Ligand code: NOJ
């Protein structure tokens, strides 16, 4: 396990929308470099940058055309190497986004693979042996290539699946994972990883990590074996490199596949979803809404078994949001967000903060951009100030990658820096607290002390620290003995006296 993860706090950057330094309306590497001090002062010491590689951008860069070359719109490879260097000088680690499941249909490997005559890349993708032969259980495309077969897709039409084999082969064109050509795909991905690690990157967020071996079994033994093989390479050659999976199934991702971290992903109706986005499944009873109709046991019932089963193997990670999810501000106001973040940033594992969530950027209703569809509204330019284009770019407003929040009260960094009660300053205070208290970091234990269905507050322990949380607009109490602990940090007001914890409306108490 890379040691630096223990107190890591990640900041996710969607590079298109972070900071534009050359006025072309789109973010760039120099922009990220210029904002490293901001990120460090915020309290984050690690970055995850969404795919920044050469791409036709039919899926915002998740359709990679060249794994080893950055997209010119962000700068050059040298600019990215400089970003690694400058980040390291400030104690910031950098993860890139690895997309191992598919490439763009414009990738040279795919161009070779679709040729009628056999070549090195014939089996780099999954093809049937007849132009009219369907692929059972998977989306596919036929009739587009000279090769007499159809090919399997991993996501959008522009993303043919790379071939890591089929665990259970049912057709003669399906190859087993240990076929030399499937192993060659895996080795090609290792080569991509080595390339970036050798140039100074610190690891990868792995896209659709569960998707690699097809016709896999229930426990994903084919895909997990593949990742374990990659983890062996990392342990041997790059022991400080970190890998976080987009999987959302920590027992598989951490215990079997060997990822260091897995995301607790938002899925309608799941435990994480009940915290901030319960509106996706009907009446909104999100736990962090101040109407107090939430129920923390809906979260705990799912989280606790997963946390308990995986805590010795890796980190199950909490996110404010990501580039695929509606921003939490869609549904929660800043006071509600303060408590939601207080919770997310004091949980075990490694927290991830999506750019702009620290100021409560809004979800924008916008037409689709680069395959974003409903996700586009969470990908708008960072709002740095009240100046032109919210300080994101000096280019003309028409040239911006996406429009900035047009409302008069659009939140921005400069204004919130001046206001000691702002969401931004609360995030800073929370991350400072986490940095100072080892008991609030990734490894320290987590125990539920008071959590009753439809009752508040919620009280939990991290190491020796006791934390109590009341997201509602009513004062709440719980019979919890705090011992000799006193208030170390608070949002709102609360106290622990004579075996009772009392929390005033919308408050958060850290007792040490
Ligand atoms: C998950 C990524 O987060 C998403 O943005 C992308 O569209 C798909 N994987 C396909 O790569």
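In our numbering, the protein residues as written are 2 to 513. Virtual Cβ for every residue (Gly too), placed ideally from N, Cα, C. No experiment lies behind these values; they were computed from the predicted model shown.
Limits of the alpha helix (DSSP H) - the one that residue i falls within
i           : result
residue 342 : 335-345
residue 110 : 109-114
residue 461 : Not the alpha helix (DSSP H): residue 461 falls in the beta strand (DSSP E), residues 459-463.
residue 72  : No alpha helix (DSSP H) holds residue 72; DSSP gives it neither H nor E.
residue 305 : 297-311
residue 13  : First-last for residue 13: 11-14, but that is the beta strand (DSSP E), not the alpha helix (DSSP H).
residue 488 : It is not in any alpha helix (DSSP H) - residue 488 instead sits in the beta strand (DSSP E) that spans 488-492.
residue 415 : 414-419
residue 125 : Premise fails: residue 125 is in no alpha helix (DSSP H) and is neither H nor E.
residue 323 : Residue 323 -> no alpha helix (DSSP H), and no H or E assigned at all.
residue 277 : 274-277
Simplified DSSP assignment, three categories, for residue i
i           : result
residue 501 : strand
residue 378 : helix
residue 469 : strand
residue 136 : coil
residue 204 : strand
residue 85  : helix
residue 509 : strand
residue 30  : helix
residue 93  : coil
residue 221 : coil
residue 401 : coil
residue 152 : strand
residue 188 : helix
residue 318 : strand
residue 234 : helix
residue 252 : helix
residue 291 : coil
residue 474 : coil
residue 162 : strand
residue 244 : strand
residue 385 : coil
residue 215 : strand
residue 39  : helix
Backbone CA spacing between residue i and residue j [nearest angstrom]
i           : j           : result
residue 420 : residue 389 : 21 Å
residue 288 : residue 373 : 28 Å
residue 310 : residue 249 : 14 Å
residue 1   : residue 36  : Residue 1 lies beyond the range of the chain shown here (2 to 513); nothing can be said about it.
residue 489 : residue 300 : 26 Å
residue 141 : residue 323 : 28 Å
residue 202 : residue 398 : 33 Å
residue 277 : residue 331 : 9 Å
residue 329 : residue 281 : 12 Å
residue 360 : residue 423 : 8 Å
residue 88  : residue 242 : 15 Å
residue 260 : residue 353 : 16 Å
residue 1   : residue 48  : No statement about residue 1 is possible, as the shown extent of the chain runs from 2 to 513 and does not include it.
residue 461 : residue 451 : 7 Å
residue 1   : residue 45  : The structure shown does not extend to residue 1, since the chain spans only 2 to 513, so no value can be given for it.
residue 382 : residue 109 : 32 Å
Supposed contact pair residue j and residue i - C-beta distance, whole angstroms, cut 8 Å
i           : j           : result
residue 24  : residue 395 : 5 Å
residue 127 : residue 153 : 4 Å
residue 244 : residue 101 : Incorrect: roughly 11 Å between the Cβ atoms, too far for contact.
residue 484 : residue 463 : About 15 Å; that fails the 8 Å criterion.
residue 406 : residue 384 : 6 Å
residue 29  : residue 76  : 5 Å
residue 216 : residue 168 : 5 Å
residue 159 : residue 246 : Not confirmed; about 23 Å, so no contact.
residue 42  : residue 32  : Actually they do not touch by this definition, with Cβ atoms about 17 Å apart.
residue 391 : residue 411 : 7 Å
residue 163 : residue 125 : 7 Å
residue 150 : residue 134 : 7 Å
residue 55  : residue 157 : Contact doesn't hold; Cβ gap of about 17 Å is too wide.
residue 340 : residue 509 : 6 Å
residue 455 : residue 296 : 5 Å
Residue i beta carbon near the ligand NOJ (any heavy atom closer than 7 Å)
i           : result
residue 108 : no
residue 314 : no
Enclosing beta strand (DSSP E) for residue i [first to last residue]
i           : result
residue 262 : 262-264
residue 449 : 447-451
residue 49  : 47-50
residue 354 : 353-355
residue 437 : Where residue 437 is concerned, there is no enclosing beta strand (DSSP E), although the alpha helix (DSSP H) it sits in stretches over 424-437.
residue 479 : 477-479
>> Give me the pocket residues for the ligand MG, defined as CB within less than 6 Å of any heavy atom, sorted by chain position.
In response: With respect to the ligand MG, the structure offers nothing, as its ligand set consists of the ligand NOJ.
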